[in-house]
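Q: Provided herewith is a single structure, encoded as structure tokens, for subsequent inquiry.
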Amino acid sequence: MIDFAALKRDRRAALAATAGLGVLLALAPFLIGAAAGATWLRILDFALLYIMLALGLNIVVGFAGLLDMGYIAFYGVGAYLYALLASPHFGLHWPVWAILPTGALVAGLFGVLLGAPTLRLRGDYLAIVTLGFGEIIRIFLNNLNAPINITNGPQGISGIDPIHFGSVSLAKPIDIFGFSLPSLHAYYYLFLLLALGIVFVTIRLENSRIGRAWVAIREDEIAAKACGINTRNIKLLAFAMGASFGGVAGGLFAGFQAFVSPESFSLMESVMVLCMVVLGGMGNIFGVILGGALLTILPEVFRHSAGPVQQAIFGKVLLDPEALRMLLFGLALIVVMLYRPAGLWPSTRRRQEFKGSAA
Amino acid sequence: MSGVGEILLEAKNIGKHFGGVRALRDVSLTIRRGEIYGLIGPNGAGKTTFFNCLTGLYTPNGGELMFDGKKLQASAPHKAAQRGIARTFQNIRLFGNMTAMENIMVGRHVRTRTGVIGAVLRDARTRAEEAAIRRRAEELLHYVDIADRADDLARNLSYGDQRRLEIARALATDPQLLALDEPAAGMNGTETEELRVLIEGIRNDGVTVLLIEHDVKLVMGLCDRVAVLDYGAKICEDVPAVVQHDPRVIEAYLGGAVA
Amino acid sequence: MDIFIQQVINGLVLGSIYALVALGYTMVYGIMGLINFAHGEVVMIGAMVALTVISMLSDSGLPGIVIALIGLGAALPVCMGTGFAIERIAYRPLRRAPKLAPLITAIGVSIVLQNLAMLIWGRNYHAFPPILPTSEHEIFGATITGLQIAIIVIAALMMAGLILLVQRTKLGRAMRATAENPPIAQLMGVDINRVISLTFVIGSALAAVAGLMVSANYSIAHYYMGFILGLKAFTAAVLGGIGNIAGAMLGGILLGLIESLGAGYIGDLTGGFLGSHYQDVFAFFVLICVLVFRPSGLVGEKVAERA
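Top line first, the protein sequences correspond to chains A, B and C.
Every letter in the first sequence is one number past the one before it in the numbering used here, and letter 255, counting from 1, is 282.
Every letter in the second sequence is one number past the one before it in the numbering used here, and letter 123, counting from 1, is 236.
Every letter in the third sequence is one number past the one before it in the numbering used here, and letter 30, counting from 1, is 220.
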């Protein structure tokens, strides 16, 4: 594990580590594309989307301590907004630079709207209400095809414009000085850029008056109030920030897939993002990133090995690979939490917390 | 700030009941600027209830609170803090998983302004404000004499240091009135004496102090004036020497089940 | 009017099932402060095991009731064992861990059980064999089947039994003491590990009965049925005031009524704008309204914040 204290002391080592990481991130699509092919490159792109979601939910759950079980709804809001504003469904074709900020704004607004009635609720009551809200939004997406067709119901919306800047579309290989950049690579760089932006914003917020207020509310709401924190506004701000990250990720998802349907925004997805946050290391940005990447990639590893491995050992596929893959995934969740209850990469705070209780 | 001796807080006929239980009955009292005002009484007399009404945690069922010449709109603790009333809690309430330093920095929240945009852009104004928060927090750590524990998690501090940290966090809100809820509870003789010195110092630096305490010796030695609550009603208010010999007070303490 | 009565009857049947499942959530929550996310899957296991046994015996010539009881007899130990194992493996080691850790292991257990069931019973829906007599009775112009009457009566009996257990027995007293304050209960000589294990076992037994009821009532069982049922039952527990046994019963019955009446009347209420697809929206909407006005649920005691 990286020793951040040492890095802080040694600026040259820090620079070298950052540069190394930068080169690795820049080359990743080529390395993975060459080593594992387009399928895995696509999974890499999705991992970045999930990392954005996990970072957004981390603000609500990890920082402010509000257990949100319906977070995926904001992803859905962002995705459907993109789908409605840039597809033949309504005949609108807004440019992406206009849609993404709108998506962030609208999702943030939904965050406030859903957050407002839940402010007095604590812990598990909050969990069930946010879960209910998440389901309500999904049911509306599923049924708002009548009497007026807004969401096109369970069939979803297809033919969505790919993300494009002017005449340059990310859906086709892009020519840069005679070098052709494949579509999945281009999406990777766009997603990476936005994910880094979200990381930047999160780190800045964490180390600010706002971030301290969030953590204070998580630690002791009454004491936070006594310190003059307007807990209502600061909680709503957490909901809004978290939701707006989800809205951006949703917009990118819609443009990337060119298709959205209510299925992508089920409760199970909310649960998955929550697992990413907690399993990675709640409250620690790097832990959350690790959780997001791992929980996107792990099920895919199981998916691609569950069938072939059985074939190799038994000569035929004995067990349903889909069920087997999820079974292994569930076991992995249990085992990791049993051995690392504070997450894979907890914040230094949490580590000190354990030291403190052991002493 | 206006002169010492004028009225800072005036409570008029404050009443509070929970269901059928009347926790406070028409309690009226006046606290003057610059004094250390003691509020004592047997267990369950309504001291903490009064505190919670004053700091906005409870809404009184009747009566009126005037603070610094203006009516105190109860029912919102953060507004009380804004107006200049800071408090500590009977059973210490710190932000356990934040460092001592961070705890005090949270106390500066109410006197600072940085919002999301400022925090993300970290412009010159934000940087200056953040530096000022840090400076003030360091000052306060020294003030309550726990500077060497700055980077420790609040939950890992010793009991006495936690009490001190809570006071420092309350002072970080720049209060006019500091309300301490049984700060000496669980302290030994030496610690109590150190606390007495600290509270006196706070008053000498211009902050009015309202003190709820069980330790009668501490209250009598420290307070300028003392009010006694019994069964939710004020039975006496005067200088310690008089209160100590008031027959009603002796009756309340000795006649009650718990002293 | 007869449609109204019919929906009330359907609501009561559904509500009785929700209540039985909700009790499992609320008992565990009351004692450990933990959402046992995997409880819905225990109901599913109960349904699948009972249905498998019943299908095997359906041609045996035994009376339907006897077959159903044998099915239940098989489901009960399996569910109780599952509940016991869940607590041992996924929750007990994490009792002092950060609060969300057991929630994640619970989700893990839920995923494991669901997919284990898929490996054993496949992806298909399993039909419940028509072994039970299908008598129909008229009341107030609506019909109620013998099965529906049986569900309501059995659920009511089991709930009464549970209340007696909690209020009148030594185990019940130990459970209440543990819920109130585990360390103190332990000092008073309560073996809290045993109490917690038994709580899971009892909750799982109720789940087994509920599982059989659901599959008999809808004539179907499926590896995925536990998830949504668990969600609804948990909602019911929260609606009533989680941790409170009477609250879970009230919440369950209420949610059942809301759902079936909502499904019947939501179209009229919204001028035809929202159809019966929105029945779940209606249920969650009521839940949210209740919690906004009574943050601790309908029966949940008001916990005053102590300063």
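Ideal placement from N, C-alpha and C gives every residue a C-beta, glycine not left out.
Here the structure is a predicted model, which means the values were calculated and not measured.
Residues of chain A with a CB under 8 Å from the CB of B:R249: which are they?
A: Numbered from its first residue, the second sequence carries residue 249 of chain B at position 136. What B:R249 touches in chain A: nothing, since even the nearest Cβ is about 13 Å away.
Q: Is the shortest distance between the beta-carbon of A:K252 and the beta-carbons of chain B less than 8 Å?
A: Along the first sequence, one-based indexing puts residue 252 of chain A at 225. Yes - at least one Cβ of chain B is within 8 Å of the one on A:K252.
Q: A:S114 bridges to which residues according to DSSP?
A: For this step, residue 114 of chain A is matched to residue 87 along the first sequence. A:L119, per the DSSP bridge assignment.
Q: Taking C-alpha atoms, which residue in A:L58, A:D37 and A:Y77 lies nearest to A:E296?
A: Indexing the first sequence from 1 puts residue 296 of chain A at position 269. That would be A:Y77, whose Cα lies nearest to the Cα of A:E296.
Q: So, is the C-beta of C:F318 closer than 8 Å to a C-beta in chain A?
A: Taking the first residue of the third sequence as 1, we reach residue 318 of chain C at position 128. It does not: the Cβ of C:F318 has no partner Cβ on chain A nearer than 8 Å.
Q: Could you run through the stretch 287 to 298 of chain C and flag, in chain order, every residue whose CB is less than 7 Å away from some CB of chain F?
A: The chain labelled as chain F is not found among the protein chains of the depicted structure, namely A, B and C.
Q: Who are the near neighbours of C:L352 in its chain, counting only those whose CB is closer than 8 Å to its CB and skipping five residues on each side?
A: Residue mapping note: residue 352 of chain C aligns to position 162 of the third sequence, counting from 1. The answer, listed in chain order, is L213, I392, L396 and I435.
Q: Would C:Y468 pass as an interface residue toward chain A - the criterion being a Cβ-Cβ separation below 8 Å?
A: If you number the third sequence from 1, residue 468 of chain C lands on position 278. With 8 Å as the cut-off, C:Y468 counts as an interface residue toward chain A.
Q: What residues are listed by DSSP as bridge partners for B:I198?
A: Sequence index remark: in the second sequence, residue 198 of chain B carries index 85 (1-based). Paired residue(s): B:L290.
Q: Got a sec: is the Cβ-Cβ distance from B:T286 to anything in chain A below 8 Å?
A: In the second sequence, the residue the question calls residue 286 of chain B occupies position 173. By this cut-off, B:T286 is an interface position.
Q: Name the chain B residues whose beta carbon is nearer than 9 Å to that of A:R236?
A: For the purposes of this step, residue 236 of chain A is identified with residue 209 of the first sequence, where counting begins at 1. Going along chain B in sequence order, the residues near A:R236 (Cβ under 9 Å) are M218, V219, R221, H222, T225, R226, T227, G228, G231, A232, T239, E242, E243 and I246.
Q: Less than 8 Å separating the beta-carbons of C:A423 and C:Y215?
A: To locate residue 423 of chain C, count along the third sequence from 1; it is residue 233. To locate residue 215 of chain C, count along the third sequence from 1; it is residue 25. In contact: C:A423 and C:Y215 (Cβ atoms closer than 8 Å).
Q: For the stretch 62 to 93 of chain A, enumerate the residues whose C-beta is nearer than 7 Å to any C-beta of chain B, in chain order.
A: Those would be none; no residue qualifies.
Q: Here's the rule I'm using: 16 or more other beta-carbon atoms within 10 Å means buried, otherwise exposed. How should A:K199 be labelled?
A: What you label residue 199 of chain A is simply residue 172 of the first sequence in a count that begins at 1. Result: exposed.
Q: Throw me the rounded Cβ distance for the A:G441 and A:L108 pair, which I believe falls under 8 Å.
A: Any question about residue 441 of chain A goes unanswered here, given that chain A covers just 28 to 386.
Q: Buried or exposed: which applies to A:W372, given that a residue is buried once 16 or more other Cβ atoms fall within 10 Å of its Cβ?
A: Taking the first sequence and counting its residues from 1, one reaches residue 372 of chain A at position 345. The residue is buried, with at least 16 neighbouring Cβ atoms inside 10 Å.
Q: Give a yes or no on whether the C-beta atoms belonging to C:V232 and C:T272 are separated by under 8 Å.
A: The count along the third sequence starts at 1 and reaches residue 232 of chain C at position 42. The count along the third sequence starts at 1 and reaches residue 272 of chain C at position 82. For C:V232 and C:T272, yes; Cβs fall inside 8 Å.
Q: Nearest chain B C-beta to A:G383 closer than 8 Å, yes or no?
A: Counted from its first residue, the first sequence places residue 383 of chain A at position 356. Legend: pLDDT at A:G383 = 44, less than 50; position of this residue unreliable, no value from coordinates given.
Q: Please state if the CB of B:I217 and the CB of B:R282 are separated by a distance shorter than 8 Å.
A: Walking along the second sequence from the start, residue 282 of chain B turns up at place 169. Walking along the second sequence from the start, residue 217 of chain B turns up at place 104. The answer is yes: Cβ separation under 8 Å.
Q: Considering just the uninterrupted stretch of the alpha helix (DSSP H) at A:F167, what are its terminal residues?
A: Here residue 167 of chain A refers to the residue found at position 140 when the first sequence is read from its first residue. Run containing A:F167: G150 to N170, per the alpha helix (DSSP H) assignment.
Q: Please report the distance separating the alpha-carbon of C:T324 from that of C:A228.
A: The residue labelled residue 324 of chain C in the question sits at position 134 within the third sequence. The residue labelled residue 228 of chain C in the question sits at position 38 within the third sequence. Cα to Cα, the separation comes out at about 33 Å.
Q: With DSSP as the reference, label C:D192 as helix, strand or coil.
A: For this step, residue 192 of chain C is matched to residue 2 along the third sequence. Three-state result, C:D192: helix.
Q: Where does the unbroken alpha helix (DSSP H) through C:T335 begin, and where does it stop?
A: By one-based count along the third sequence, residue 335 of chain C stands at place 145. C:T335 -> not in any alpha helix (DSSP H); beta strand (DSSP E) instead, spanning A332 to T335.
Q: State the start and end residues of the unbroken beta strand (DSSP E) segment that holds B:I144.
A: Translated into positions along the second sequence, residue 144 of chain B becomes position 31. Taken as a continuous stretch (DSSP letters only), the beta strand (DSSP E) holding B:I144 covers V134 to R145.
Q: Where B:D258 and B:G220 are concerned, what is the direct C-alpha to C-alpha distance, given to the nearest angstrom?
A: The count along the second sequence starts at 1 and reaches residue 258 of chain B at position 145. The count along the second sequence starts at 1 and reaches residue 220 of chain B at position 107. B:D258 and B:G220: Cα-Cα distance of roughly 17 Å.
Q: What's the gap between the Cα of B:Q357 and the Cα of B:I363?
A: Walking along the second sequence from the start, residue 357 of chain B turns up at place 244. Walking along the second sequence from the start, residue 363 of chain B turns up at place 250. For B:Q357 and B:I363, the distance between alpha carbons rounds to 8 Å.
Q: Any Cβ of chain B within less than 8 Å of the Cβ of A:R231?
A: Here residue 231 of chain A refers to the residue found at position 204 of the first sequence. Chain B contact via Cβ: present.
Q: Which parts of the stretch 242 to 310 of chain B are runs of the beta strand (DSSP E), unbroken and 3 residues or longer, counting only runs that do not cross its ends?
A: Runs of the beta strand (DSSP E) inside the stretch 242 to 310 of chain B: 290 to 294.
Q: Using a Cβ cut-off of 7 Å, pull out every chain A residue sitting near C:V428, in sequence order please.
A: Along the third sequence, one-based indexing puts residue 428 of chain C at 238. Here the neighbours are Y152 and I155.
Q: Taking C-beta pairs closer than 8 Å, name the residues in chain B that A:D247 reaches, listed in chain order.
A: Here residue 247 of chain A corresponds to residue number 220 of the first sequence, with the count starting at 1. The contacting residues are R206, L207, F208 and G209.
Q: For B:D304, I'd like the list of residues in its chain whose CB is within less than 6 Å of its CB, leaving aside the five on either flank, ordered along the chain.
A: Within the second sequence, residue 304 of chain B is the residue found at index 191, counting from 1. Note on residue identity: the sequence assigns Glu, not Asp, to residue 304 of chain B. Result list for B:E304: G273, in chain order.
Q: Counting only beta-carbon separations shorter than 8 Å, does A:I256 have a partner in chain B?
A: Counting from one through the first sequence, the residue named residue 256 of chain A turns up at place 229. Closer than 8 Å: yes.
Q: Given a limit of 8 Å on CB to CB distance, which residues of the stretch 160 to 185 of chain A reach chain C?
A: So the close ones are F160, E162, I163, I166, F167, N169, N170, A173 and P174.
Q: Ordered along the chain, which non-local residues of its own chain (more than five positions away) have a Cβ less than 6 Å from that of C:L481?
A: Counted from its first residue, the third sequence places residue 481 of chain C at position 291. So no residue of the chain qualifies.
Q: Please list, in chain order, all residues of the same chain as A:G97 whose beta carbon is under 6 Å from its beta carbon, the five residues on each side excluded.
A: Numbered from 1 along the first sequence, position 70 holds the residue referred to as residue 97 of chain A. Closer than 6 Å at Cβ, skipping near neighbours: T157, L158, F160, G161 and S297.
Q: If distances are taken between C-alpha atoms only, which option among A:I190, A:R239 and A:G205 comes closest to A:Y216?
A: As a first step, residue 216 of chain A must be located in the first sequence, where it is residue number 189. When only C-alpha atoms are compared, the closest one is A:I190.
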